[in-house]
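Undergrad: Protein sequence lines correspond, in order, to chains W, Z, B, A and L.
What the first sequence shows, in this note's numbering, is residues 2 to 96, in sequence order.
What the second sequence shows, in this note's numbering, is residues 2 to 96, in sequence order.
What the third sequence shows, in this note's numbering, is residues 2 to 96, in sequence order.
What the fourth sequence shows, in this note's numbering, is residues 2 to 96, in sequence order.
What the fifth sequence shows, in this note's numbering, is residues 2 to 96, in sequence order.
Even glycine gets a Cβ: it sits at the ideal position worked out from N, Cα and C.
Just dropping this structure here.
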Amino acid sequence: MHLGRIKGTVVATMVAEGLEGVRLLIVQPLNRELKPKGGMIVAADALKMAAPEDLIYFVASREAALAMEETFVPVDHAIVGIVDELHWSTGEAVE
Amino acid sequence: MHLGRIKGTVVATMVAEGLEGVRLLIVQPLNRELKPKGGMIVAADALKMAAPEDLIYFVASREAALAMEETFVPVDHAIVGIVDELHWSTGEAVE
Amino acid sequence: MHLGRIKGTVVATMVAEGLEGVRLLIVQPLNRELKPKGGMIVAADALKMAAPEDLIYFVASREAALAMEETFVPVDHAIVGIVDELHWSTGEAVE
Amino acid sequence: MHLGRIKGTVVATMVAEGLEGVRLLIVQPLNRELKPKGGMIVAADALKMAAPEDLIYFVASREAALAMEETFVPVDHAIVGIVDELHWSTGEAVE
Amino acid sequence: MHLGRIKGTVVATMVAEGLEGVRLLIVQPLNRELKPKGGMIVAADALKMAAPEDLIYFVASREAALAMEETFVPVDHAIVGIVDELHWSTGEAVE
Chain W
2 MHLGRIKGTV
12 VATMVAEGLE
22 GVRLLIVQPL
32 NRELKPKGGM
42 IVAADALKMA
52 APEDLIYFVA
62 SREAALAMEE
72 TFVPVDHAIV
82 GIVDELHWST
92 GEAVE
Chain Z
2 MHLGRIKGTV
12 VATMVAEGLE
22 GVRLLIVQPL
32 NRELKPKGGM
42 IVAADALKMA
52 APEDLIYFVA
62 SREAALAMEE
72 TFVPVDHAIV
82 GIVDELHWST
92 GEAVE
Chain B
2 MHLGRIKGTV
12 VATMVAEGLE
22 GVRLLIVQPL
32 NRELKPKGGM
42 IVAADALKMA
52 APEDLIYFVA
62 SREAALAMEE
72 TFVPVDHAIV
82 GIVDELHWST
92 GEAVE
Chain A
2 MHLGRIKGTV
12 VATMVAEGLE
22 GVRLLIVQPL
32 NRELKPKGGM
42 IVAADALKMA
52 APEDLIYFVA
62 SREAALAMEE
72 TFVPVDHAIV
82 GIVDELHWST
92 GEAVE
Chain L
2 MHLGRIKGTV
12 VATMVAEGLE
22 GVRLLIVQPL
32 NRELKPKGGM
42 IVAADALKMA
52 APEDLIYFVA
62 SREAALAMEE
72 TFVPVDHAIV
82 GIVDELHWST
92 GEAVE
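In structure tokens:
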């Protein structure tokens, strides 16, 4: 899984079968310092409650579909947790 | 899923079983500013209606095959939505 | 799928079960200008007829195995089409 | 599989179905010299006993879920072994 | 599949279920000139006979597990062939 932050929403009326009603959010992957890392991705919101600027972690590839109610959907990134806190072995706590 | 723009078409008569009749488009992946990001990929058009220069999002790996009518096909990138609008948490709307 | 060009052949007598008799070719992935992009990969020839210097497209990961006659084989890249022509939305035709 | 070192823990109360009770650790992937390579990832602890600063190896993608007790969970990285020693063909032994 | 060279061995007593007795080798991926390309990976030896410094090719992701005797194991890279010779379309033969 990777850490990311919710940055926006995708609106699309023309979608493949299985994607009707699936909430798609734009996610910025983050590095350890919670700074942007690489390009934005579009992820399905498996929690149905992620909000703009939330710190989340997402799952990629086939496992993303497993997070959805209907698992045989063409989804390759899904938001599966909202982070409360990160603890580092160096003792710091973040967010 | 990743954002991309349709840039062309692939014509091939010699194809593996399961790929006969599948429409293959050349897609340029895009970043947040909707500028090209990385190299072109060849994606199957699961919507059967994506047009040149359309802003779309595509799914990769095993999930791509799930977007097709016949799901046990050797397809690893599929176009699964045509974007109407993108909303950013900063308040901007794009396209 | 990705565009590539056949650059060579791999000869191996010691192979894992399921790979006996599978033709393995060395493929150079290509970018839009059909110039080399990234390192060579070894792909199974699902068409059984790709020839040196052919412009082809290949599929990666689990989908590669789906292109083979026997689908539960340890294959992660397969050549699934020989390109006749590429059409760009800018109007150019290549190859 | 890839080598990595345990660097921290993720605390999240809002998680997707199947992730309740799964221990999530922050892992720094390592190179041959056991120096950091690329960004941190979040991995499920399939061993349930990896400790901060342990040298481990993790598995990615669909195989990660196979390491869990419940295999149809949205997990794409799992810690599957704690390294005792590495032997190089040059004769060195590390850790 | 990718070309690589065996560079070492991983010793681990604490492993996830399904990995007991699986031989894990350190592999250096190679480019066309058979020079190192990217970081080392840890791969299961599906042939059970790869030796230090052997030129091999390995398979990644779900297909890696398909190369093992027991296929539902958390393995994402497996050595599936020992290379005898490589032939290039330019006429050279290597190794």
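Report buried or exposed for residue 8 of chain W, applying the criterion of at least 16 other Cβ atoms within 10 angstroms of its Cβ.
TA: As a working note, residue 8 of chain W is residue 7 in the first sequence. So residue 8 of chain W ends up on the buried side.
Undergrad: From residue 69 of chain B to residue 66 of chain L, what does the alpha carbon distance come to, in whole angstroms?
TA: To locate residue 69 of chain B, count along the third sequence from 1; it is residue 68. To locate residue 66 of chain L, count along the fifth sequence from 1; it is residue 65. The straight-line gap from Cα to Cα measures roughly 17 Å.
Undergrad: Starting from residue 67 of chain Z, find everything on chain W with Cβ-Cβ shorter than 8 Å and list it in chain order.
TA: Working through the second sequence from its first residue, we reach residue 67 of chain Z at position 66. Going along chain W in sequence order, the residues near residue 67 of chain Z (Cβ under 8 Å) are 19, 66, 73, 74 and 75.
Undergrad: Less than 9 Å separating the beta-carbons of residue 78 of chain B and residue 28 of chain B?
TA: Here residue 78 of chain B is taken as the residue at index 77 of the third sequence, counted from 1. Here residue 28 of chain B is taken as the residue at index 27 of the third sequence, counted from 1. Contact: yes.
Undergrad: Using beta-carbon positions only, say whether residue 99 of chain W and residue 39 of chain W come within less than 9 Å of one another.
TA: Because chain W is modelled from 2 through 96, residue 99 of chain W falls outside the range shown and cannot be assessed.
Undergrad: Taking only runs of the beta strand (DSSP E) that begin and end inside the stretch 25-64 of chain L, which ones reach a length of at least 3 residues, in chain order?
TA: For the stretch 25-64 of chain L, whole beta strand (DSSP E) runs of length 3 or above, ordered along the chain, are 25-30, 42-46 and 56-61.
Undergrad: Return yes when the Cβ of residue 46 of chain A is within less than 9 Å of the Cβ of residue 24 of chain A, no when it is not.
TA: Taking the first residue of the fourth sequence as 1, we reach residue 24 of chain A at position 23. Taking the first residue of the fourth sequence as 1, we reach residue 46 of chain A at position 45. Contact flag set, yes.
Undergrad: Could you spell out the range, first to last residue, of the beta strand (DSSP E) harbouring residue 81 of chain L?
TA: Mapped onto the fifth sequence, residue 81 of chain L falls at position 80. Taken as a continuous stretch (DSSP letters only), the beta strand (DSSP E) holding residue 81 of chain L covers 78-83.
Undergrad: Give a yes or no on whether the C-beta atoms belonging to residue 57 of chain Z and residue 51 of chain Z are separated by under 9 Å.
TA: Within the second sequence, the letter at position 56 stands for residue 57 of chain Z. Within the second sequence, the letter at position 50 stands for residue 51 of chain Z. Yes, Cβ-Cβ distance for residue 57 of chain Z and residue 51 of chain Z is below 9 Å.
Undergrad: Excluding the 5 residues flanking residue 32 of chain Z on each side, which residues of the same chain have their C-beta closer than 7 Å to its C-beta?
TA: What you label residue 32 of chain Z is simply residue 31 of the second sequence in a count that begins at 1. Correct list, in chain order: 38.
Undergrad: Report whether the distance from the Cβ of residue 20 of chain A to the nearest heavy atom of the ligand NAD is below 8 Å.
TA: Absent from the structure shown: the ligand NAD. Ligands present: none.
Undergrad: Going along chain A in order, which residues have a C-beta closer than 7 Å to the C-beta of residue 53 of chain L?
TA: As a first step, residue 53 of chain L is located in the fifth sequence; it is residue number 52 there, counting from the start. Within chain A, the residues near residue 53 of chain L are 90.
Undergrad: With distances taken Cα to Cα, identify the nearest neighbour of residue 4 of chain B among B:49, B:62, B:91 and B:35.
TA: Residue 4 of chain B sits at position 3 when you count from the first residue of the third sequence. Comparing Cα-Cα distances from residue 4 of chain B to each of B:49, B:62, B:91 and B:35, the minimum goes to B:35.
Undergrad: Give me the chain L residues within the contact set of residue 6 of chain A, using Cβ-Cβ distance strictly less than 9 Å, ordered along the chain.
TA: What you label residue 6 of chain A is simply residue 5 of the fourth sequence in a count that begins at 1. Those within 9 Å of residue 6 of chain A in chain L number zero; the least Cβ separation is about 14 Å.
Undergrad: Have a look at residue 84 of chain Z and residue 6 of chain Z and give me their C-alpha separation to the nearest angstrom.
TA: Within the second sequence, numbered from 1, the residue matching residue 84 of chain Z stands at position 83. Within the second sequence, numbered from 1, the residue matching residue 6 of chain Z stands at position 5. Roughly 10 Å separates the two Cα atoms.
Undergrad: Assuming residue 75 of chain A and residue 19 of chain A form a contact by the criterion Cβ under 8 Å, report the distance between their Cβ atoms to the nearest whole angstrom.
TA: In the fourth sequence, counting from the first residue as 1, residue 75 of chain A sits at position 74. In the fourth sequence, counting from the first residue as 1, residue 19 of chain A sits at position 18. Correct: roughly 6 Å between the Cβ atoms.
Undergrad: At the level of alpha carbons, what is the spacing between residue 88 of chain A and residue 82 of chain A?
TA: Counted from its first residue, the fourth sequence places residue 88 of chain A at position 87. Counted from its first residue, the fourth sequence places residue 82 of chain A at position 81. In a straight line, the C-alpha of residue 88 of chain A is about 16 Å away from that of residue 82 of chain A.
Undergrad: Select from the stretch 33-44 of chain A all residues with a C-beta closer than 9 Å to any C-beta belonging to chain L, and list them in chain order.
TA: Taking 9 Å as the Cβ-Cβ cut-off against chain L, the residues of the stretch 33-44 of chain A that qualify are 33, 38 and 39.
Undergrad: Can you tell me where the beta strand (DSSP E) holding residue 9 of chain B begins and where it ends?
TA: Along the third sequence, read from residue 1 onward, the residue named residue 9 of chain B stands at position 8. Segment 3-12, the beta strand (DSSP E) holding residue 9 of chain B.
Undergrad: Just grab the DSSP bridge partners of residue 16 of chain L for me.
TA: For the purposes of this step, residue 16 of chain L is identified with residue 15 of the fifth sequence, where counting begins at 1. DSSP, once it has assigned bridges, lists A:82 as partnering residue 16 of chain L.
Undergrad: Which residues in chain A have a C-beta closer than 9 Å to the C-beta of residue 26 of chain W? List them in chain order.
TA: Within the first sequence, residue 26 of chain W is the residue found at index 25, counting from 1. Within 9 Å Cβ-Cβ: nothing; residue 26 of chain W doesn't reach chain A, min ~14 Å.
Undergrad: Cα separation between residue 97 of chain Z and residue 61 of chain A?
TA: Residue numbering for chain Z in the displayed model covers 2 to 96; residue 97 of chain Z lies beyond these limits and cannot be assessed.
Undergrad: Do the CB positions of residue 44 of chain A and residue 80 of chain W come within less than 9 Å of each other?
TA: Your numbering for residue 44 of chain A matches position 43 in the fourth sequence. Your numbering for residue 80 of chain W matches position 79 in the first sequence. The answer is no: Cβ separation not under 9 Å.
Undergrad: Below 7 Å CB to CB, which residues in the same chain sit around residue 59 of chain L once its five sequence neighbours on both sides are set aside?
TA: Locating residue 59 of chain L in the fifth sequence gives position 58, where the first residue counts as 1. Cβ neighbours of residue 59 of chain L beyond the five flanking positions: 2, 3, 5, 28, 44, 78, 79, 80 and 81.
Undergrad: Report the rounded CA-to-CA distance for residue 86 of chain L versus residue 71 of chain Z, giving the unit in angstroms.
TA: Residue mapping note: residue 86 of chain L aligns to position 85 of the fifth sequence, counting from 1. Residue mapping note: residue 71 of chain Z aligns to position 70 of the second sequence, counting from 1. Whole-angstrom Cα-Cα distance: 38 Å.
Undergrad: Contact criterion: CB-CB distance below 9 Å. Does residue 12 of chain B meet it with respect to chain L?
TA: Translated into positions along the third sequence, residue 12 of chain B becomes position 11. Yes, residue 12 of chain B lies at the interface with chain L (some Cβ there is under 9 Å from its Cβ).
Undergrad: Where does residue 68 of chain A sit, in a helix, a strand or coil, going by DSSP?
TA: One-based indexing of the fourth sequence puts residue 68 of chain A at position 67. Residue state, collapsed to three classes: coil.
Undergrad: Could you tell me the distance, in whole angstroms, from the CA atom of residue 26 of chain W to the CA atom of residue 10 of chain W?
TA: Stepping through the first sequence from its first residue, residue 26 of chain W is reached at position 25. Stepping through the first sequence from its first residue, residue 10 of chain W is reached at position 9. Approximately 4 Å, taken between the alpha carbons.
Undergrad: Measure the C-alpha to C-alpha separation of residue 90 of chain B and residue 91 of chain W and round it to an integer number of angstroms.
TA: Here residue 90 of chain B is taken as the residue at index 89 of the third sequence, counted from 1. Here residue 91 of chain W is taken as the residue at index 90 of the first sequence, counted from 1. Computed Cα separation, rounded: 53 Å.
Undergrad: Determine, for residue 23 of chain L, whether the minimum Cβ-Cβ distance to residues of chain B falls below 9 Å.
TA: Within the fifth sequence, the letter at position 22 stands for residue 23 of chain L. No, residue 23 of chain L lies away from the interface with chain B (no Cβ there is under 9 Å from its Cβ).
Undergrad: Any Cβ of chain A within less than 9 Å of the Cβ of residue 16 of chain W?
TA: Stepping through the first sequence from its first residue, residue 16 of chain W is reached at position 15. So no, residue 16 of chain W is outside the interface.
Undergrad: Against chain L, with Cβ distances strictly below 9 Å, would residue 78 of chain B count as a contact?
TA: Counting from one through the third sequence, the residue named residue 78 of chain B turns up at place 77. Answer yes: the Cβ-Cβ gap between residue 78 of chain B and chain L drops below 9 Å somewhere.
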